[in-house]
Structure formats: C-alpha cells, structure tokens
Amino acid sequence: MLLPRLKNDHIPELKLNDLQNKMKDQVSGKVDKGVYEFEEIACPICSSAKNEVIGEKDRYGLFFKTNICTACGFVYTSPRMTQGAYNQFYNIEYRQLYVGKETATQAFFDGQKQKGKYIYHFLKKNKLIGDNPLFVFEVGCGAGGILDFFRKKGHKVKGIDLGKEYVEYGKNTHNLDLETATLAEMNLAEKPDIIIYSHVLEHILDINEELETIKACSKESTLTYIEVPGIKEVHKNYEANILTYFQNAHTFHFTLETLTNLFTKNGFQRISGNQFVQAVFKQATNQDKIESDYEASKSYILTTEKNRKLYPFTVRGIKRNLQKAVPVILDKTHTRGIARSLKRLLTQNRSN
Ligand SMILES: [Zn+2]
C-alpha cells in the first residue's frame, strides 16, 4: 500500500457528529453483511487490471480501496459498491453522512448561482463564450442555480437531475426548464452549444458510456465543460491531506491529465483546463493517443503525503488556520458583531 496511514482501521479522519457516526456504522454494517454489494473493475481508461493500492479507507473511515493504474496513472476505486448499492446509499445514508449537503432552499440556489458565475467567467476568460445567445444544457443541475446565471446573461438553458426535490424547486420557484432524467433518457430536439457537468462525473459508475452519450447529444462545435475535484490540488484545497479528499461517493479521482485521457479515448480533444479540475472538451477531428500520468500522479501523492506534517507551517497552512481560528476567538470574546460590520464595510468599499 502506497499510504499505510490509509489502512482499513475504520477510524474516521473527520470529526463526526453523533448522526454521522451512526450513519457510518450503518453503512459499515451493511458492507460487512453483504447488503451493499461490491464489484471489481479494471482501469476504465486503458483497461489494464494492473494497479498499486493507495489506501483502503475514506475520510469517514469507511472501506474504500483506491488504486493507481500502473499503465496510465488513473486513480480509481475498486472494488466499489455496485449501482444498486449506491442507489440505496444515496437514498438512505448519503445526506446525513455528508452534512452540509443542503436541501433545495434559496440559500442552496444562491450558492449554485455563484458557481454559475464562476463557470461563466472561466468560459469567458478562455474566450469560449461570447455575447451571442447559446443553448446551455446541464447534467446534474440540482435546483438549476448555475443555469439561472447563464439565463440572466441571455442564454437559453435546460437542465436534468435525478433529485426530484431539487428539480421541482427550480421549476416552480425559479421558472427554469428542468427535468428529472438522465442524459441517455433525453431526446433533445436541439443539440446544445455548451454541456455542463459540475461535480457529477466522479459519481457516475460507467463513465465511458456517459461520454458516448455526450457525444451522441453533441454537434461538432459543442463544448463540454467538466468540473471535478482534482487530486493534484490536495495540497491547496484539502490541507495537504489526501485522506480528506477520498469520500465513498466518488469512485473516480481525476487529474487534468487523466480526465483528458478519458475524453481522448472517447474521441474528444481538450480545449482548455487546469488542475482544479475545470476543463473544456469538444469532438476531436483526429484521435490522439493517451499519455500516461502514472509517474507524475504517484510522485505527487507520495510527496504530498511526505510534506503533510509541514502544511501548518506553510503560508497556505497559516492562512487556513487563521481563517478557522478567527471566528472562534471572536465568538469567545463576543466581538463577532464588530468583525461582521468591518467585513461589510470592506466589501462595500470593494464593490463601489
Ligand atoms: Zn489505466
């Protein structure tokens, strides 16, 4: 095992509340009894079955075996829960285990709108979107907040999601064109100019089939925007702790390179991208070869693990700890109100 710290000892890395602990034990119990079934998979990018084990648990302390493909460097979970097991897990334990996964409220919708702004500006900055009205289609749109932002910019929008509660909220409260469906079930009369997948692809079990469907729903000029949590930013976004990055709802763990390999294999080419990961693809005119990311990914994982203990002493670590400590200190000294007024004043000045 590359990271012995991630052995399957059931100990959570996150501090769990009582309900989370109960859910974690419930899932573990079902896994032990075989109620939640598992399946072995080969690398979905290069089909090789040769891999090295990275770890055996996720941040909640659930059994979660992650592997790196020695041929192409893709990091994936195997064995993993079957689709049937995941369907039950999403219905029963997911929301309570992943606290902060909110219900369909205005606050959730506003958060999505912020995300929409961020995606819009990424496309704008990379000159992938202009002022012409386009047809923007989102898979896994939740309540549709991302689409709402694009609609305000004059684009035609449509979205699909499997969460009925979210879809109904977006339809009824914000008058958005949303449906409860998968992409394969859709029969789009018009092919989209932009297809968005924001934090969706890492949850889909048959990613090659999904990409085939994207292709069938695209025209030559269609741009597919993909956003997934990137492994190579663990040192930035996960306090240099890969264990907090691994969560059992994600079965694939991408770098910009491995995401590109997946799309290349399925007949797409990358137009733009970063390690966050945000990336844009379109149909390829000629088929490129995939390039192995094994050495680079493995080296990143091992180096990040080695430097993990130094994180609190880095500039990023000091900043992060201050961000966490300041609200606590302000609460304890009853000066939070003053800080809030100060923050309001500062942001007002910035926006003026
Ligand atoms: Zn592979």
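Residue numbers (our numbering): 33 to 384. Glycine is no exception: its CB is placed at the ideal position from the N, C-alpha and C atoms. The model shown is predicted, which means the values in this text are computed figures rather than measured ones.
What is the DSSP secondary structure of residue i, counted as helix, strand or coil?
| i | result |
| --- | --- |
| Val309 | coil |
| Lys321 | coil |
| Lys314 | strand |
| Gly191 | strand |
| Glu88 | strand |
| Phe405 | Nothing can be reported for residue 405, as the shown portion of the chain is limited to 33 through 384. |
| Glu71 | strand |
| Glu211 | strand |
| His285 | strand |
| Thr205 | helix |
| Ser60 | helix |
| Gln301 | strand |
| Thr102 | coil |
| Asn40 | coil |
| Ile226 | strand |
| Asn53 | helix |
| Lys196 | helix |
| Lys65 | helix |
| Asn381 | Per-residue confidence for Asn381 stands at a pLDDT of 44, beneath the threshold of 50, marking its modelled position as unreliable; the derived number appears in the next sentence. Here Asn381 sits in helix by DSSP. |
| Lys97 | strand |
| Glu45 | coil |
Less than 6 Å between C-beta atoms, sequence neighbours within five positions excluded: which residues of the same chain meet that for residue i?
| i | result |
| --- | --- |
| Lys147 | Ile178 |
| Asp41 | none |
| Tyr201 | Ala136 and Ala175 |
| Val189 | Val168, Leu179, Phe182 and Arg183 |
| Thr114 | Glu69 and Glu71 |
| Phe313 | Thr256, Phe295, Phe300 and Arg302 |
| Lys97 | Glu88 |
| Ala213 | Ile192 |
| Glu241 | none |
| Gly195 | none |
| Tyr270 | Thr276 and Tyr277 |
Are the Cβ atoms of residue i and residue j separated by less than 8 Å?
| i | j | result |
| --- | --- | --- |
| Val67 | Leu94 | no |
| Gln315 | Ser250 | yes |
| Tyr386 | Ile228 | This structure cannot settle anything about residue 386, because the visible part of the chain is limited to 33 through 384. |
| Glu125 | Met55 | yes |
| Asp180 | His153 | no |
| Phe140 | Ala175 | yes |
| Ser331 | Thr287 | no |
| Phe385 | Thr290 | With the chain represented from 33 up to 384, any question about residue 385 goes unanswered, as that position is not in the structure. |
| Leu46 | Arg91 | yes |
| Leu208 | Gly186 | no |
| Tyr118 | His285 | no |
| Ser304 | Glu259 | no |
| Ile86 | Ile322 | no |
| Leu38 | Leu275 | yes |
| Gln52 | Val131 | yes |
| Leu215 | Val199 | no |
| Ile77 | Asn293 | yes |
| Leu160 | Asp225 | no |
| Cys104 | Ser324 | yes |
Going by beta carbon distance, what residues of the same chain come within less than 7 Å of residue i, once the five residues before and after it are set aside?
| i | result |
| --- | --- |
| Lys223 | Cys249, Ser250, Lys251 and Thr254 |
| Phe308 | Gly262 and Glu265 |
| Asn353 | Pro344 |
| Arg112 | Phe70, Glu71, Ile73 and Thr283 |
| Gln450 | The requested residue 450 does not occur in the structure, where the chain is confined to residues 33 to 384. |
| Tyr150 | none |
| Ser383 | Because Ser383 carries a pLDDT of 38, less than 50, the predicted location of this residue cannot be relied on, and no value is offered for it. |
Can you give me the Cβ contacts of residue i inside the same chain, cut-off strictly under 8 Å, excluding the 5 residues immediately before and after it?
| i | result |
| --- | --- |
| Asp50 | none |
| Ile244 | Ile is not the amino acid found at residue 244; the sequence shown has Glu there. Hits under 8 Å: Asn298. |
| Asn339 | His267 and Ala272 |
| Thr102 | Ser80, Lys82, Asn83, Glu84 and Tyr326 |
| Asn381 | Per-residue confidence for Asn381 stands at a pLDDT of 44, beneath the threshold of 50, marking its modelled position as unreliable; no derived number is given. |
| Thr317 | Gln301 |
| Ile350 | Pro344 |
Following a CB-centred definition, is residue i positioned closer than 7 Å to any heavy atom of ligand 3?
| i | result |
| --- | --- |
| Ala357 | This structure lacks ligand 3; its bound ligands are ligand 1. |
Ligand 1 site residues, beta-carbon cut 6 Å against heavy atoms: Cys75, Ile77, Cys78, Ser80, Cys101, Ala103, Cys104 and Phe106
Completely contained alpha helix (DSSP H) runs for the region 234-272, where each covers 4 or more residues: 239-249 and 266-269
Alpha helix (DSSP H) runs contained entirely in the region 108-186, provided each spans 4 or more residues: 115-124, 126-129, 138-157 and 177-184
Those runs of the alpha helix (DSSP H) which lie wholly inside the region 322-356 and span at least 4 residues: 326-339
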